[in-house]
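Protein chains in written order, with the UniProt record's numbering: chain A, 1 to 384; chain B, 1 to 443. Just so it is clear, CB atoms sit at the ideal spot from N, CA and C, and this is done for glycine as well. Since we're looking at a predicted model, the values are computed, not measured. Down below is the structure, laid out as structure tokens.
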Amino acid sequence: MPGKHVAGATAEPCRRCKDNISVLVVRSEPLCHDCFARYVHTKCIKRLETFRVNFAAEDQRRRILLPLSFGVASTTLLHILDLHLKTQRSKTGRTGFVIHVISIQDPEESLPTDRLLEKTRENYPDHQYASLPLHDVFRLIPDDASLRDLVPEPTGKQNLAPGEYLAHLIDSLTSATARADVLTTLRTRLIVEHARLNGCESILWGDSTTRLAEKTLAETAKGRGFSLPWQTADGLTPFGMNFHYPLRDVLKKELVAYINMSENKLASLVHESSPGATQASMSSKNTTIDDLMKQYFESVEENFPSIVSNVVRTAGKLEIAASTTSDLHCSLCSMPVPGGRFGIHGWGGDQQDGIDVQSAEGSSRLCYGCTRSIPQASRKANGT
Amino acid sequence: MPPSPCALCKVNRALILRPKDHSKLCKTCFITVFETEIHHTIIANALFHRGEKIAIGASGGKDSTVLASVLKTLNERYDYGLDLILLSIDEGIKGYRDDSLETVKRNAEQYGMELTILGYEELYGWTMDQVVAQVGKKGNCTYCGVFRRQALDRGASRLEVKHVVTGHNADDVAETVLMNLLRGDLPRLSRTTSIITSTPSASANPSSNTNIKRSKPLKYAYEKEIVLYAHHKNLDYFSTECIYSPEAFRGSARALIKNLERVRPSAILDVVRSGEDMAKLVPGSDEGCGGVCSSSVPAAEEEEGGCGSAQGRSSGGEMASVEAQLRQNDAASEHNLETEITTAGGNGSGKQHGRHDSGAAPLSTAGKKGKKGFTPRKANKQVMGRCKKCGYLSSQDVCKACVLLEGLNKARPKNSIEVAYEVQDVSVNSIKDELKKTSIGAD
Ligand SMILES: [Zn+2]
Ligand SMILES: [Zn+2]
Ligand SMILES: [Zn+2]
Ligand SMILES: [Zn+2]
Chain A
1 MPGKHVAGAT AEPCRRCKDN ISVLVVRSEP LCHDCFARYV HTKCIKRLET FRVNFAAEDQ
61 RRRILLPLSF GVASTTLLHI LDLHLKTQRS KTGRTGFVIH VISIQDPEES LPTDRLLEKT
121 RENYPDHQYA SLPLHDVFRL IPDDASLRDL VPEPTGKQNL APGEYLAHLI DSLTSATARA
181 DVLTTLRTRL IVEHARLNGC ESILWGDSTT RLAEKTLAET AKGRGFSLPW QTADGLTPFG
241 MNFHYPLRDV LKKELVAYIN MSENKLASLV HESSPGATQA SMSSKNTTID DLMKQYFESV
301 EENFPSIVSN VVRTAGKLEI AASTTSDLHC SLCSMPVPGG RFGIHGWGGD QQDGIDVQSA
361 EGSSRLCYGC TRSIPQASRK ANGT
Chain B
1 MPPSPCALCK VNRALILRPK DHSKLCKTCF ITVFETEIHH TIIANALFHR GEKIAIGASG
61 GKDSTVLASV LKTLNERYDY GLDLILLSID EGIKGYRDDS LETVKRNAEQ YGMELTILGY
121 EELYGWTMDQ VVAQVGKKGN CTYCGVFRRQ ALDRGASRLE VKHVVTGHNA DDVAETVLMN
181 LLRGDLPRLS RTTSIITSTP SASANPSSNT NIKRSKPLKY AYEKEIVLYA HHKNLDYFST
241 ECIYSPEAFR GSARALIKNL ERVRPSAILD VVRSGEDMAK LVPGSDEGCG GVCSSSVPAA
301 EEEEGGCGSA QGRSSGGEMA SVEAQLRQND AASEHNLETE ITTAGGNGSG KQHGRHDSGA
361 APLSTAGKKG KKGFTPRKAN KQVMGRCKKC GYLSSQDVCK ACVLLEGLNK ARPKNSIEVA
421 YEVQDVSVNS IKDELKKTSI GAD
């Protein structure tokens, strides 16, 4: 990483190599460019010990999927993995795995996904690349009856094309929080399905420590405490797909520093709104629960990085409910619902005795959190 | 905008935008719905039984005043057959409780309930003013909080009442859930989401086996609705402004809850639901029901909201000390990791990656279930026992209150010492450190 000057540099020598002048302080340790890069790389690669070089035949090599959002984290992850595979190849002539990159076009097309993906491919040409529109989730998921039943199709219109149905679904959601929640959930479903169709055994997510902490509190706030054991853990998920978070020990601000210090080429691949933008929109009606948690943890990580990682560690200690059976899962987010307690009724905090739990359901059964996001009126109007 | 009719009776004009779900209600329907929901909570959780004597922990504040008023109403309307009394605690801070205790005295008359006021002096041998004189202004909140947690139980035990109800509302519970996630304290998260908890009698006789049951009938009631109810029923309450600041974690969690409520009104209830569900997933938790069923779980040293209703004057000092503690733990576990790998060396499991990189995080961080032995901290399942001194439920040999009293009594120039026992050579400061350690170590 040829150096760019970074604000906040100290004149102190690097605590690790003792040779170079430090350029930033990482968890109270002054580090030089090279040692900082090594610090980030090590934290990431250490998480990938299960993906060591194996000497299987070329066509049996393990495939992993890397969802690329063009943000700081997933771009950095791709960059580090690319370096890692190059190192493996130069040492052994082989690599431990093959990378498939997927990028999902959001319905608002706020990013020129295809152009960005092409640019990324030019920089890291050794991998497979694909992009899909989000509405493909309705096309690709085999059992899409329950997904298509989330909200009823508008009267007089039937068999909407996937794109039209997605637009209709988003229109019927009543808050920014619900829209963000449903879009994120559908995005995850689509990525998992794409991984499956391409024979990938694991998905490597770019989430930083900070992002995982945000997710922990955001899902708690959205009523998905029951699913926390699966929200941030490495390993097999209820999707039947392995999830890994190689950047789980790196803070968001460290990833930002990494990008800022890197060559322009890497920085030019990143398209993410600055933290300032999150702040500015905070008062508006469009604030989401995810935004709130993002803002909160980006401020906590400034002075209390260990508290941020402790939140993630704490969520990781929750155990999977013993009563969980695979058939009782949510039609939208796919998380197993212990005891089949679907919907928002029938618990201590629900005061409406009279509501028949079954009547609020179509062919899809939603967990507590998803029920909060999908408007009840339109679901009931669906007629069961 | 034309006046809209009440969503329930469809007759009266809607005057209230209900905070919980933003439905538009008239005053009468709001009051009815608020009371009916608490009745529902009481029945669904089988909180009371006929003939039971219940002490309402009364501070004169909005929560406990509304609780007393609603319980009186429901007890008559649905014939619960309860004997309701008021129990107030006087911390002994000159001037601080004067107005609120006057309020409680008026409430006792208004509701025709018997009132008992017990002071820290009687319960612990120390008023808060005396504690402050002893330890200084800084850090006395620790004492206030720890003493407060036991005071109601000790008081109830003196009155031979077996069931204390408190005014904890949905906002308090939600706040506690987030706070304990931020502090990494799952056992406490699990305990505090329960609607019913119980502690062994805090009588001086440790062999006494009578449990004091604690419950929170307002657990699902929104703070804003409690304020609205008090307002529309013209209840006589005192706005308590605590003179001490809350812990930084609580202040932080409180701010988050307020913001969440603004973004999505149901979020408070949703956090409470998440907390109940998570309680069932806490390792070693005996709480199969997550507070949903009515079986009792230990309350012990649960967080009781420090000093009441102070808003956002958090210092961040507590967060800084937790941060420092966590860093120390990380450094220690990293050290253990190094030795472990060195000793286990040669088993050929992928060591080519730079573990000599001394800044690397311990493998024990999150997610890697099944990896064991990397953390120097005790698994800390918080086995609950009894305090050897007072018999109060405690995860330590001696409960926090008794540890604090030990320090105070040691330092008090030969005055009467409440309980005679071997006194260790501990300064007040080291006791505070000790307490910090016990609360942080619970991870
Ligand atoms: Zn260096
Ligand atoms: Zn769901
Ligand atoms: Zn009405
Ligand atoms: Zn004790």
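Going along chain B in order, which residues have a C-beta closer than 7 Å to the C-beta of Ile307 of chain A? Leu182, Met319, Val322, Glu323 and Leu326
With H, G and I counted as helix, E and B as strand and the rest as coil, what does DSSP make of Asn347 of chain B?
For Asn347 of chain B, the predicted model reports a pLDDT of 40, less than 50, meaning its position is unreliable; a value from the coordinates is still stated below. Note: Asn347 of chain B maps to coil in three-state DSSP.
- Task: Give me the Cα-Cα distance between Ser64 of chain B and Gly57 of chain B, rounded to the nearest whole angstrom.
- Result: 7 Å
CB contact below 8 Å: Tyr258 of chain A versus chain B: no
### Query
Residues of chain B with CB under 7 Å from Tyr296 of chain A, in chain order?
Leu256
Query raised in the report: Under three-state DSSP, which class holds Val270 of chain A?
Result: coil
Can you give the beta carbon distance from Asp171 of chain B to Ile42 of chain B, rounded, assuming they're within the 8 Å contact cut?
Wrong, their Cβ atoms sit about 19 Å apart, outside the cutoff.
ask   = What residues sit near ligand 3, counting only those whose C-beta is closer than 7 Å to one of its heavy atoms, in chain order?
value = B:Cys6, B:Leu8, B:Cys9, B:Val11, B:Asn12, B:Leu25, B:Cys26, B:Thr28 and B:Cys29
Discussion item. Just checking Arg27 of chain A against ligand 1 - is the residue's beta carbon closer than 7 Å to any of the ligand's heavy atoms?
Written reply: no
Worksheet entry | Beta-carbon contacts of Gly340 of chain A that lie in its chain and below 7 Å, excluding the five residues immediately before and after | Leu328
Exercise. For Ser208 of chain B and chain A, any beta-carbon pair shorter than 8 Å?
Worked result: Only weak support is given to the placement of Ser208 of chain B: the predicted model assigns it a pLDDT of 49, under 50, and the value that follows is read from those uncertain coordinates. No, no contact with chain A.
Suppose you measure from the CA of Ser100 of chain B to the CA of Gln110 of chain B; what does that come to, to the nearest Å?
15 Å
task: Using the Cα positions of Pro112 of chain A and Ala130 of chain A, report the straight-line distance between them to the nearest angstrom.
output: 14 Å
### Task
Determine the closest residue to Asp181 of chain A out of A:Leu332, A:Thr42 and A:Ala73, with distance taken between C-alpha atoms.
A:Leu332
Cβ neighbours of Gly92 of chain B in the same chain (closer than 6 Å, five flanking residues each side left out) = Gly119, Tyr120, Glu121, Thr127, Met128 and Asp129
Query raised in the report: How would you list, in chain order, the residues of chain B whose beta-carbon sits under 8 Å from the beta-carbon of Pro229 of chain A?
Result: Leu281
* Ile320 of chain A to Gly235 of chain A, Cα distance in whole Å? -> 13 Å
Please report the Cβ distance between Glu52 of chain B and His163 of chain B, rounded to the nearest whole angstrom; I am assuming they are in contact, meaning their Cβ atoms lie under 8 Å.
6 Å
>> Please tell me whether Met241 of chain A and Arg196 of chain A are closer than 8 Å, where the distance is taken between their beta carbons.
In response: yes
Worksheet entry | Check whether Lys222 of chain A and Ile289 of chain A have beta carbons under 8 Å apart | yes
For the beta strand (DSSP E) containing His135 of chain A, name the first residue and the last one. Neither: His135 of chain A is in no beta strand (DSSP E) and is coded neither H nor E.
field: Supposed contact pair Ala174 of chain B and residue 500 of chain B - C-beta distance, whole angstroms, cut 8 Å
entry: The structure shown does not extend to residue 500 of chain B, since chain B spans only 1 to 443, so no value can be given for it.
- prompt: First and last residue of the alpha helix (DSSP H) that includes Lys91 of chain A?
  reply: Val72 to Thr92
**Q.** Where Leu25 of chain B sits in the DSSP three-state scheme
**A.** strand
**OP:** Mind the definition here: the region 87-98 of chain A touches the region 148-159 of chain A only if three or more C-beta pairs lie below 8 Å; say whether that holds.
**Re:** no
If the cut is a Cβ gap below 7 Å, which residues of chain B does Arg372 of chain A touch?
Ser266 and Asp270
Rounded straight-line distance, which links the Cα of Lys389 of chain B to that of Ser395 of chain B = 13 Å
With DSSP as the reference, identify every bridge partner of Ile102 of chain A, one or two as the case may be. A:Pro67 and A:Ala130
Going along chain A in order, which residues have a C-beta closer than 7 Å to the C-beta of Gly275 of chain B?
Gly225
*Just tell me which of A:Arg148, A:Lys285, A:Leu247 and A:Asn310 has its CA closest to the CA of Thr42 of chain A.*
A:Leu247
Who does Leu17 of chain B pair with in a DSSP beta bridge? B:Lys24
Would you say the beta carbon of Arg211 of chain A comes nearer than 7 Å to a heavy atom of ligand 1?
no
Which ranges does the beta strand (DSSP E) cover as unbroken runs of at least 3 residues, wholly within the region 19-94 of chain B, from first to last along the chain? 53-57 and 83-90
Classify Cys17 of chain A: buried if its beta carbon has 16 or more other beta carbons within 10 angstroms, exposed otherwise. exposed
Check your understanding: So is Lys222 of chain A in contact with chain B if we call contact Cβ pairs under 8 Å?
Key -> yes
Counting C-beta neighbours from all protein chains within 10 Å, is the total for Thr371 of chain A 16 or more, i.e. buried, or is it exposed? buried
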